[in-house]
Amino acid sequence: MLNLTNNQKIWKTIQLIPSGKVATYGQIADLSGLPGRARLVGKALSSAPQELNVPWYRVLRSTGQIAFPVGSEQSKKQTGYLQQENVAVFNNRVKLKNFQWQPDLGELLWKLEF
DNA sequence: CGACTGACGCCGA
DNA sequence: CTCGGCGCCAGTC
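In structure tokens form, the structure reads like this:
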């Protein structure tokens, strides 16, 4: 019930990913002050309330791969959302080199301040 | 309490 | 590129 602290940090961090850009699970974990705990990010997303409108589809694996199996409904939906923001998805993956979010740490400190 | 399970990640073979 | 193995950790059973 009150384990919300970590989840909230994660959700809040993901909210900062700008449209047209993506981030990886590990990246979000680090920025949320939870280094090495990428799995928690996935966990947090799976239990994220609809009301928060968390842009979960902007979070990918460290390889740029969509975390869901190719062809799955989830994968298709995620691909759709991304392409809607002009993020190119090829073979269930995105080229991080071109679309990975590179936040300004100073600004993050201002917006997140844990 | 132990075993298993993930929307993960990194390294070595 | 594919596997296997290990680290990580909150939940579940």
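So in my numbering, spot 52 of the first sequence is number 52, and the numbers just go up one at a time. By construction, the Cβ of each residue, glycine as well, lies at the ideal position given by its N, Cα and C atoms. The structure presented is a predicted model; accordingly, all values stated were derived computationally and were not measured.
CB contact flag (Gly64, Val94, <8 Å):
As a position in the first sequence, residue 64 is number 64, starting the count at 1. As a position in the first sequence, residue 94 is number 94, starting the count at 1. Cβ distance < 8 Å, so Gly64 and Val94 count as in contact.
Just to confirm, are Ala44 and Ala38 a CB contact at a threshold of 8 Å?
Indexing the first sequence from 1 puts residue 44 at position 44. Indexing the first sequence from 1 puts residue 38 at position 38. No, Cβ-Cβ distance for Ala44 and Ala38 is not below 8 Å.
Helix, strand or coil, according to DSSP, for Phe90 in the structure here?
Within the first sequence, the letter at position 90 stands for residue 90. Three-state result, Phe90: strand.
Can you give me the Cβ contacts of Lys97 inside the same chain, cut-off strictly under 7 Å, excluding the 5 residues immediately before and after it?
Walking along the first sequence from the start, residue 97 turns up at place 97. The same chain holds no residue with a CB closer than 7 Å to that of Lys97 once the five nearest residues on each side in sequence are set aside.
For Glu85, which residues in the same chain have their Cβ closer than 7 Å to its Cβ, ignoring the five residues on either side in sequence?
Taking the first residue of the first sequence as position 1, residue 85 is located at position 85. Contacts found: Ser19 and Gly20.
Cross-strand partners of Leu60 (DSSP beta bridge):
Counting from 1 along the first sequence, the entry for residue 60 is found at position 60. Note: Leu60 sits in a beta bridge opposite Thr24.
How many Å lie between Leu109 and Gly33 at the Cα?
Numbered from its first residue, the first sequence carries residue 109 at position 109. Numbered from its first residue, the first sequence carries residue 33 at position 33. The alpha-carbon of Leu109 is positioned some 11 Å away from that of Gly33.
What residue from Pro69, Leu60 and Leu40 has the CA that sits closest to Ala23's CA?
Looking up residue 23 in the first sequence gives position 23. Nearest C-alpha to Ala23: Leu60.
Check Gln78 in the structure and name its three-state DSSP category.
Stepping through the first sequence from its first residue, residue 78 is reached at position 78. Assigned with DSSP and collapsed to three states, Gln78 falls in helix.
In the structure shown, what three-state DSSP assignment does Gln102 receive?
By one-based count along the first sequence, residue 102 stands at place 102. Residue state, collapsed to three classes: coil.
Whole-number beta carbon distance between Phe68 and Ser62, since they are thought to touch under 8 Å
As a position in the first sequence, residue 62 is number 62, starting the count at 1. As a position in the first sequence, residue 68 is number 68, starting the count at 1. Wrong, their Cβ atoms sit about 15 Å apart, outside the cutoff.
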